[in-house]
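The structure under discussion appears below in the form of C-alpha cells.
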C-alpha cells in the first residue's frame, strides 16, 4: 500500500518551493488565498503565505501544544458553530444566529428576548442552558499509520473500512489524555490521512447577552447571503468550570472559566487589503469532486431541494406573519430551513457564473493526458469509473434527498412517524429491552419537538410536500399509498384523527406494554402513512445508496491521491469536516458582475436607509435611531461614521459561523457570519475573484454592547487595543 504521507510530503515540498519562487516585487495574492488548513500543520508553506499577506504571527503563535496560543481561545459552539473567548473570565462571543435557539428557549410572549434582546448585568443574571457546550481542542496528532495497520490492497472496501473503524476505536482507547478530556479521529484528504483531536468539552455555558433580532438579524432572510449587509449578528455567553477550571455539569458552585488564551480586541478597524485570518470549525466542503458530480449536484439535486423548501417556507411564513405565538415557535426552524434554501440557490449561480464545471472538465482532460504520458495505469480508469457510478446513483440520490427534505425534515408529523418507526424496528430486532430504551429516548425528545409545533401550520405543509414527493420522486421509490390520492382529503383525514399531532396524544400512543404499543401505532393513520415511506427508505433507498456511495468514496480516495501525484505543484488542502481549521485572506471588495462593484465596508447609515417601520426584517429600534442621529458612537466610530459589516476574501462554510477574524497580530477585528451569495459555491469550487465572506466589524459589536445596551460591565472585562497606533 502506498501511504499517503509520501504524497503529502511531496505536495508540501513542491508547493513550498513554488511559493518561495513567487516571492518577488509583485505577488499574485489570489494564488495564495483559499483553503482550510489544519492549524497543527502550518509551518513552512502556510506560514510564508500568511506573512506575504501581512501576518506578523508565527505558526506557533496560532497552534502550540506546550504554550498558550490562538487555538486555546477557539471553541466549537453547540457542535455546529464556532465561538471565541474574549476575556480572562470565560466570556464567549459567537453569532446571534448560533445562539438563536437558546435565546428562543428563554423567550415567551411576555418575555420575548428575540424581540427585545437580553443583557446580564452580573454573573447572577446569566441564564443556564441544557445541552449547550463549548469544546476546546487541546492537541492534534497524526494517527494515519495506526489507522491503516492491517490493511492491504487486496481487501475490498467494506473489509478495509471495518479494519479502519476498529483501529480508530483502538486509537481512541489508547490515547494519552487527562480523565476529563475526550478524543475523536477524523479522516482527511478523502480517507488518505487520519488525525486525532484531544478535546475538553464544557457543558455549563450561560447566556450573557444578545441584541434584539432587529439588530442581530437585521435584513433577515431578504439580506441573507447578500451584500451589502448591515447585520449585528452576535450573541454572548460565558463558559463555567469547576474549582479546578475543569469541565463540570451546571452547578451554582461553578466559576467562570479561566482560558489559556483569550483574544484582545482591536479598536483600529479594517482597511482594504488588511490581513484577515479566520479560525474555526468549517462543516463540510467538497473541493475535489469530479465534474460529473458537481454537475449532478447543481443541475439535479439542488433544484429538487430548493423547490421543496421554497414551498414549505412560503406556507410557514404566511402563518408566522399573522400569529405572534407561531412566529416564536417557528422562528428558529424557519431561519434554519431558509438558510440552506438560499445557499443552494447562490451556490448554483456561482458555479454557473464561474463556469466551474467546464474548468473541472478541462482539468480532467489535463489529468488524463499526464496519466497517459507517465503511463500511470492505476489511474487511467478513474474518470470513466466516476461517470458510470454517478449515472447509477443519480435516481437514488434524488429520491433520498426528497425523503430527507420531506419525510424527515420539513413535514414535522412525518418526522415524528419516523421516530415511531424506529421504535417499532427496535422492538422487532431487539425485543422488549431495545423497545424500552428507544421509547425513553423518543419520549425525551418529544417535549422539545411539540413545544415548537403547530398542527395548523404543519397540515398545509404536509399536503403540499407529499403531493410534490409523489410527483417528483423516481417512481420506483414512491409507495402505493401516495399514488392517485386526493392530498387535501388525505391531510384532513390524518390531521383530524392522528394522536401524533400533539404531545399528549403521542405520549398516550406510546404508553403501555410493547405489544400493545405496536398495535396502537399501526392503527394510527399518520403512522400507517409514514411507515410506507420509511420502509422504502430503509429497505430500498438507503442500502442501495450506501452500497454505491461506498464505491464512490473509495474511488474519490484514490482520485485524491492521484491528483496530488499528477499535479505536484498545485496547492491541496483537506476538505472541511467540522474540525479546527485556519484560513487566511484580506479585506477586499469585489465585482460580482459587469457594472457592479462592491466596497469593503458598510455603515450604520445603510441600516437607516433600509429602515422600514414595523417590518419584521427591516425595523430599527428607536434607541439605535437616536444614537445614529446624535452620532453618539463613543470610541467605536470611524471618521464620524459607525462601521457595521466588512468583506474579506476568506474561505468559509457552514460551521464557520461565529468564527473570529483576527488581524496580523492575532487581535480580534471581526466576527464571521456569512458568505456572499455567489461565494457560497466555494463549498465545491473556490474562486478568489468572487468568493467573499462577511463579518461584523468588532467595533459595531462593542458599540451595541456599550452604547445601545449599556452593558459596560462586559466591556470592562475585555482587553481593547490599538495595534495600528
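Residue numbers (the numbering used here): 2 to 726. By construction, the Cβ of each residue, glycine as well, lies at the ideal position given by its N, Cα and C atoms. These numbers come from a predicted model, not from an experiment.
Pairing residue 300 with residue 693, the inter-Cα distance amounts to about 24 Å. Listed in chain order, the beta strand (DSSP E) runs fully inside the segment 548 to 598 are 582 to 587, 591 to 594, counting runs of at least 3 residues. For the segment 109 to 160, the full-length beta strand (DSSP E) segments reaching 3 residues or more read 135 to 143 along the chain.
For residue 630, there is no enclosing beta strand (DSSP E); the enclosing alpha helix (DSSP H) covers residues 623 to 631. Membership of residue 369 in any beta strand (DSSP E) is not indicated; the residue belongs instead to the alpha helix (DSSP H) covering 357 to 374. Taking C-beta atoms as the reference points, residue 549 and residue 386 fail to come closer than 8 Å. The DSSP-derived three-state label of residue 200 is strand.
Here residue 93 carries a strand assignment [DSSP, helix/strand/coil]. Using a Cβ distance threshold of 8 Å, residue 183 and residue 96 do not count as a contacting pair.
The three-state reading of DSSP puts residue 602 in strand, counting E and B together. Judged by beta-carbon spacing, residue 585 lies beyond the 8 Å limit of residue 591, meaning their Cβ atoms are not closer than that value. Remark: C-beta atoms of residue 348 and residue 303 approach each other more closely than 8 Å. Closest in C-alpha terms to residue 593, from the list 126, 190, 228, 701, comes 228.
Using a Cβ-Cβ distance cut-off of 8 Å, the segment 662 to 671 and the segment 622 to 629 are not in contact, since fewer than three pairs of beta carbons, one from each stretch, lie closer than that value.
Closest in alpha carbon position to residue 465, among 338, 313, 196, is 313.
Take residue 191, set aside five residues on each side of it, and the residues of its chain with a beta-carbon closer than 6 Å to its own are 557, 558, 561, in chain order.
In the DSSP assignment, residue 403 falls within the alpha helix (DSSP H) that extends over 383 to 403. Here residue 212 is buried. Its C-beta has 16 or more other C-beta atoms within 10 Å. Taken in chain order, no unbroken stretch of beta strand (DSSP E) lies wholly in the segment 435 to 470 with a span of 3 residues or more.
DSSP places residue 227 outside any beta strand (DSSP E), giving it a letter other than H or E. For residue 270, the number of other beta carbons within 10 angstroms of its own is at least 16, and it is reported as buried. Counting along the chain, the unbroken alpha helix (DSSP H) around residue 714 starts and ends at 713 to 717. Setting aside the 5 residues that flank it on each side, residue 655 is surrounded in the same chain by 284, each with a C-beta closer than 6 Å to its C-beta; the list follows chain order.
An exposed status is given to residue 448, since fewer than 16 other beta-carbon atoms sit within 10 Å of its beta-carbon. The beta carbons of residue 371 and residue 295 sit about 21 Å from each other, so the pair does not count as a contact at 8 Å. For the set 621, 723, 70, 566, the Cα lying nearest the Cα of residue 636 is the one of 723. Each of 508, 691, 681 was checked against the Cα of residue 597, and the nearest Cα belongs to 691. By the CB criterion at 8 Å, residue 646 and residue 603 fall inside the cutoff. The shortest C-alpha to C-alpha distance from residue 521 to any of 365, 499, 119, 638 is the one to 499. Going by C-alpha positions, residue 267 is about 8 Å away from residue 699. Taken through DSSP and simplified to helix, strand or coil, residue 38 comes out as strand. Closest option to residue 331, judged by alpha-carbon separation, among 345, 344, 315: 315. Within the DSSP secondary-structure output, residue 78 pairs in a beta bridge with 82, 135. When DSSP states are grouped into helix, strand and coil, residue 498 belongs to the helix group.
Your pair residue 48 and residue 59 checks out as a contact, with CB atoms roughly 7 Å apart and the cut at 8 Å. Counting the other CB atoms within 10 Å of its CB gives residue 382 a total below 16, which places it among the exposed residues.
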